[in-house]
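>
Residue numbers (the working numbering), protein chains in the order written: chain R, 76 to 520; chain A, 76 to 520.
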């Protein structure tokens with residue numbers, strides 16, 4: 076198995092640039108901001124997620140002897156540079172959107188203010204950590220919006236991109252309002268509620284489906300959810316009805332039934348009828364199999380009687396928009412604002428702040444991307460979270476960002492809560508920011 | 076930072092099923108096979124990758140005291156079951172396609188033969204490990220096919236889905252023929268060549284671009300690749316030409332230039348002309364920025380003078396096909412073949428083998444999916460790799476599967492090596508397998 080904790084989770088060029096900064100003694104304060112350049116066309120808003128893991132990373136960053144020896148053996152680095160790395164720590168300041176904050180294109184999610192080498196080295200992993208959870212939170216919230224009153228469970232571990240993706244997808248989905256996850260380690264690590272039913276293999280390993288149902292119920296009497304579609308879904312529903320009185324006599328209630336293949340709508344209607352006719356009106360129906368927000372919306376619009384859903388692959392890999400255009404850019408160095416002017420990738424320079432205006436009823440009424448030192452009306456969204464390399468607050472219990480998302484969602488213009496693409500939420504660029512950019516374009520080359 | 080090594084990287088239902096097997100003493104031998112049900116329309120073939128990590132996982136699988144205590148505290152499991160877990164190990168046999176073997180839909184990549192609980196528990200993580208590397212190898216090989224004689228480097232860490240994805244993507248891309256990766260830890264962990272240039276921030280942190288070039292070259296004299304597009308790409312190329320003699324006088328050769336934005340074709344042509352006119356004909360051009368196999372093909376078909384490319388986000392997230400329909404299914408238990416018959420998801424039962432026929436010149440001429448105990452003409456592709464829970468061979472040096480891929484690619488029908496969708500490679504179902512499936516359908520319910 077693989078441990079993935081290492082300061083060497085970075086791109087080689089970060090180290091070669093650090094060697095340049097070291098040689099030239101460029102240690103002055105740099106300001107980098109992390110933001111998304113454009114939203115995917117399939118997303119009307121994003122939700123900041125992953126800050127806890129990012130702060131954890133920054134607090135613990137250091138080079139081990141083994142890593143330093145390995146770097147030395149590459150022959151790429153000077154001994155004076157390696158000696159500096161031996162005592163390397165992150166000592167900077169971090170401002171960020173609290174996890175669960177809704178944001179839009181070009182709005183900084185996180186700002187790092189630190190000596191240039193420290194702020195530079197952390198780019199790759201900071202993006203890696205915040206990109207993924209932000210990506211998944213955005214996908215998960217769309218599932219919640221499509222099925223707001225249903226039980227949604229993350230089933231995606233097996234086709235998540237590796238172990239860390241599986242764990243962090245479970246976390247991000249829970250923040251976004253999922254009821255829980257099937258991934259056991261995510262339950263242990265993040266205290267997220269766990270859900271699970273049975274797989275087809277349990278049915279197949281028995282010679283008779285009824286026997287499999289009975290054995291499963293006896294071994295797990297508090298959580299009897301039976302999988303119906305291994306052979307014939309409706310026949311299995313009839314077997315459930317026949318089995319229920321025997322289980323009741325043994326003090327066991329069947330809690331639910333899962334359908335995982337075929338026409339999920341038609342099977343649910345038929346199974347619901349069979350169960351209701353058999354007196355199992357309390358038994359809930361749970362659907363799974365290639366689900367996402369679009370499919371959920373279809374099923375619920377058609378009035379299909381599912382009480383909950385397992386959302387797997389399409390959640391954990393965010394298949395309709397599997398990446399975000401998230402970047403981390405230098406905005407100031409040694410007291411001077413800086414601007415990248417690459418075609419199609421120019422940045423807004425300087426230390427920025429997002430000012431969010433709200434109407435009297437709390438509804439979001441437009442953001443201004445401005446400069447930190449020139450306040451604008453509205454709530455400044457970036458708040459200090461780390462100073463001198465230390466967190467300012469203990470990690471938030473996950474319920475707090477989860478509630479924050481729910482509150483922010485209620486304040487979002489309703490058209491942005493739709494699944495289809497909506498006109499962009501208004502994010503104005505403050506005139507002083509435009510002026511700063513224009514001045515830099517004139518002055519510098 | 077997060078460690079991700081744990082037997083609890085599994086779905087909850089594996090544990091609840093194991094509790095059922097424990098209660099019913101269902102410990103007989105089970106045979107599970109891992110395969111891809113359908114290829115994505117964008118893929119004409121796949122390449123087995125990730126076996127090493129899967130074997131590592133199986134060899135080291137065990138429950139820690141902390142994990143057992145946590146499971147006990149959930150209240151879901153009996154003390155007798157937890158006592159069994161305390162001594163749980165994987166003791167089974169594994170057959171697999173060697174890493175780097177080309178395969179198609181329905182062909183087993185891996186077969187686990189073990190007592191039912193052992194074979195069941197490992198499902199989630201085995202898929203998670205093999206799915207991702209197989210996914211990335213397929214994407215990477217398409218980049219190699221699009222640009223076979225160019226230097227290709229994995230640049231995707233920052234937008235890979237987490238740390239493990241970044242590391243394993245670097246590994247899978249190298250297997251598929253990439254020259255290396257930018258991810259330092261992948262270089263250390265897997266001994267993959269590392270590549271890196273500089274970021275825009277290094278340029279921006281200097282007051283003058285020339286000065287940034289000069290400092291970088293001085294600090295990294297053996298690997299001077301300059302990034303040209305921070306402000307004005309052609310102006311930067313002229314600065315390179317002006318700088319070159321001064322660097323030469325100091326014994327430093329400029330090795331390459333990177334272009335990362337704008338019209339990559341047009342800029343490359345202009346920069347090449349500027350460099351050639353300035354006597355820098357040896358300097359190579361390296362392109363990056365939202366590249367994938369389609370874009371590479373376009374650039375090279377148009378004769379754009381790039382010598383190499385950094386492929387990032389679209390490789391590490393395999394954005395045009397971000398998941399595979401990979402599953403792990405029970406095919407036999409207690410000596411009897413088993414068949415799942417779910418609509419659209421029925422499996423071919425029994426212990427299977429893939430027989431690959433080749434023409435006299437070595438070209439692949441069609442596969443047969445048959446039964447292990449009924450040999451068919453052709454090479455049997457699944458080979459034993461683990462017995463009694465122990466590897467049969469030490470891990471292969473990565474150069475071996477890398478060479479295997481190259482050899483297999485040469486044997487693949489040329490139409491399948493094209494980027495556009497091709498008619499499916501012929502995979503016949505052996506008559507005895509069809510008969511077995513039909514018999515199970517008649518006999519069992």
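Built from N, CA and C at the ideal position, the CB exists for glycine as well. Since this is a predicted model, take the numbers as computed values, not measurements.
Between the beta-carbon of residue 334/A and the beta-carbon of residue 305/A, is there less than 8 Å?
No; because the gap between Cβ atoms is not below 8 Å, this pair is not in contact.
> With distances taken between CB atoms, is the gap from residue 165/A to residue 189/A smaller than 8 Å?
Cβ atoms of residue 165/A and residue 189/A: closer than 8 Å.
> Report, in whole angstroms, the separation of the C-beta atoms of residue 206/A and residue 323/R, which I expect to be a contact under 8 Å.
That pair is no contact at about 41 Å.
> I think residue 200/A touches residue 85/A, with their Cβ atoms under 8 Å apart; what is that distance to the nearest whole Å?
Residue 200/A to residue 85/A, Cβ: 6 Å. Contact.
> What do you reckon, are the CB atoms on residue 432/A and residue 425/A nearer than 8 Å?
Cβ atoms of residue 432/A and residue 425/A: not closer than 8 Å.
> Measure the beta-carbon distance from residue 209/R to residue 461/R and round it to whole angstroms, keeping in mind my assumption that it falls under 8 Å.
Rounded, the Cβ-Cβ distance is 19 Å, inconsistent with contact.
> Quick one: which chain A residues come within Cβ less than 8 Å of residue 313/R?
Within chain A, no residue comes near residue 313/R; the closest Cβ sits about 12 Å away, beyond 8 Å.
> For a contact defined as C-beta to C-beta under 9 Å, what are the partners of residue 202/A on chain R?
Going along chain R in sequence order, the residues near residue 202/A (Cβ under 9 Å) are 232, 233 and 234.
> Could you please give me the residues that DSSP links to residue 101/R through a beta bridge?
Beta-bridge pairing links residue 101/R to no other residue.
> Taking Cβ to Cβ, would you say residue 269/R is nearer than 8 Å to residue 256/R?
Yes; because the gap between Cβ atoms is below 8 Å, this pair is in contact.
> What first and last residue would you give for the beta strand (DSSP E) that runs through residue 420/A?
No beta strand (DSSP E) holds residue 420/A; DSSP gives it neither H nor E.
> Per DSSP, what are the beta-bridge partners of residue 171/A in this structure?
185/A and 458/A.
> Just checking: is the beta-carbon of residue 369/A within a distance shorter than 8 Å of some beta-carbon in chain R?
Cβ-Cβ to chain R under 8 Å: no for residue 369/A.
> What is the rounded straight-line gap between the Cα of residue 368/R and the Cα of residue 370/A?
Using only the alpha carbons, I get a separation of about 30 Å.
> Along the chain, where does the beta strand (DSSP E) containing residue 473/R start, and where does it finish?
That residue, residue 473/R, is in no beta strand (DSSP E); it is neither H nor E in DSSP.
> Which two residues bound the contiguous alpha helix (DSSP H) that contains residue 278/R?
Here the alpha helix (DSSP H) through residue 278/R covers 275-280.
> Which first and last residues belong to the alpha helix (DSSP H) in which residue 507/R is found?
Element bounds for residue 507/R: 506-518.
> So which residues on chain A does residue 397/R lean against when the C-beta distance must stay under 7 Å?
What residue 397/R touches in chain A: 392, 394 and 397.
> Can you give the Cα-Cα distance for residue 514/A and residue 108/A, rounded to whole angstroms?
Their backbone Cα atoms lie some 20 Å apart in a straight line.
> Measuring CA to CA, which of 315/A, 361/A and 223/A is closest to residue 271/A?
Nearest of 315/A, 361/A and 223/A to residue 271/A, Cα basis: 361/A.
> For residue 86/R, list the residues DSSP reports as bridge partners.
Note: residue 86/R sits in a beta bridge opposite 258/A.
> If you reduce the DSSP assignment to three classes, tell me which class residue 95/R lands in.
In the structure shown, residue 95/R sits in a helix (DSSP, three-state: H, G or I).
> Could you pull out every residue in the same chain whose Cβ sits closer than 7 Å to the Cβ of residue 343/R, ignoring the five residues on either side in sequence?
Around residue 343/R: 334, 360, 362, 379, 380 and 381.
> Kindly provide the ranges of any alpha helix (DSSP H) runs that are 4 or more residues long and lie completely inside the segment 192-249 of chain A, ordered along the chain.
Fully enclosed alpha helix (DSSP H) runs of 4 or longer: 198-221.
> Nearest-angstrom Cα distance between residue 76/R and residue 226/A?
Only weak support is given to the placement of residue 76/R: the predicted model assigns it a pLDDT of 41, under 50, and the value that follows is read from those uncertain coordinates. Their Cα atoms are separated by approximately 31 Å.
> Could you have a look at residue 140/R and say whether DSSP puts it in helix, strand or coil?
Helix, per DSSP.
> Determine the DSSP secondary structure at residue 339/R, reduced to helix, strand or coil.
Residue 339/R: helix per DSSP, three-state reduction.
> Would you mind telling me which residues of chain A sit closer than 9 Å to residue 207/R, beta carbon to beta carbon, in chain order?
Correct list: 234, 235, 236, 237 and 240.
> What is the rounded straight-line gap between the Cα of residue 505/A and the Cα of residue 325/R?
Going from the Cα of residue 505/A to the Cα of residue 325/R covers about 47 Å.
> Starting from residue 359/R and walking both ways along the alpha helix (DSSP H), at which residues does that stretch end?
It is not in any alpha helix (DSSP H) - residue 359/R instead sits in the beta strand (DSSP E) that spans 359-363.
> Is there a C-beta anywhere in chain A that falls below 8 Å from the one on residue 259/R?
Yes, residue 259/R lies at the interface with chain A (some Cβ there is under 8 Å from its Cβ).
> Going along chain A, which residues have a C-beta under 9 Å from residue 420/R?
Ordered by position in chain A, the residues that pass the 9 Å Cβ test against residue 420/R are 275, 304, 335, 336, 337 and 364.
> Considering residue 444/A, what are the terminal residues of the beta strand (DSSP E) in which it resides?
Segment 439-446, the beta strand (DSSP E) holding residue 444/A.
> Per DSSP, which one or two residues make a beta bridge with residue 110/A?
Partner(s): 402/A.
> Determine the closest residue to residue 468/R out of 138/R, 157/R and 170/R, with distance taken between C-alpha atoms.
Measuring from the Cα of residue 468/R, the nearest candidate turns out to be 170/R.
> Count the C-beta pairs between the segment 85-97 of chain R and the segment 294-305 of chain A that are closer than 8 Å, then say yes if the count reaches three, no if not.
A contact exists between the segment 85-97 of chain R and the segment 294-305 of chain A.
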